[in-house]
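Notes for the one structure printed next.
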Amino acid sequence: MIPLLGLIAGIIVGLVLEPNVPTFLQPYLPIAIVAAMDALFGAFRAYLEGTFTDKVFVVSFISNVLIAAAIVFIGDQIGVGAQLSTGVVVVLGIRIFTNAAAIRRALFHA
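Position one of the sequence shown corresponds to residue 610 (my numbering), numbered consecutively onward.
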């Protein structure tokens with residue numbers, strides 16, 4: 610219940626305050642969101658399988674976001690940021706859909 614209330618509170622605060630992302634961070638925000646979603650889907654899968662630990666979740670969440678942002682940053686520095694961004698999104702997207710399939714199987718036994 611507490612995570613759900615936190616999500617609702619975060620959405621409300623975001624809608625009310627309408628925060629602006631600095632221009633230099635804008636290329637990294639979509640990648641960070643996809644990396645965070647990967648960690649969240651993985652955590653939910655682990656929860657359903659009975660293997661969830663909060664320490665692993667926090668480390669996974671932070672490291673996914675930082676590694677994805679670092680890959681895109683390095684790509685920007687060497688002039689291939691768009692290609693590396695696409696690669697990160699594809700890899701994390703595959704992981705998200707794999708976790709979603711496992712969640713579906715666990716919830717619906719299908």
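Yeah, the Cβ is synthetic: ideal placement off N, Cα and C, and Gly gets one too.
Only a predicted model underlies this, so the values are computations on that prediction, with no experimental measurement involved.
Across the set Ala715, His718, Ile703 and Phe717, the C-alpha of Ile703 shows the shortest separation from the C-alpha of Met646. The alpha-carbon of Ala677 is positioned some 9 Å away from that of Leu693.
By the neighbour-count criterion, in which a residue is buried when 16 or more other Cβ atoms sit within 10 angstroms of its Cβ, Asn629 is exposed.
Burial state of Val681 is buried, judged by a 10 Å Cβ sphere holding 16 or more other Cβ atoms. Non-local beta-carbon contacts of Ala641 in its own chain, meaning distances under 7 Å to residues more than five positions away in sequence, involve Val674, Ala677 and Ala678 in chain order.
Taking a cut-off of 8 Å for Cβ pairs, the stretch 618-638 and the stretch 657-673 do not touch, as fewer than three such pairs fall below it. With fewer than 16 neighbouring CB atoms inside 10 Å of its own CB, Ile617 falls in the exposed class.
The residues Ala652, in chain order, have a CB closer than 6 Å to that of Phe666 in the same chain once the five nearest residues on each side in sequence are set aside. For Tyr656, the three-state secondary structure derived from DSSP is helix.
For the pair Val643 and Ser669, the Cα-to-Cα distance works out to about 13 Å.
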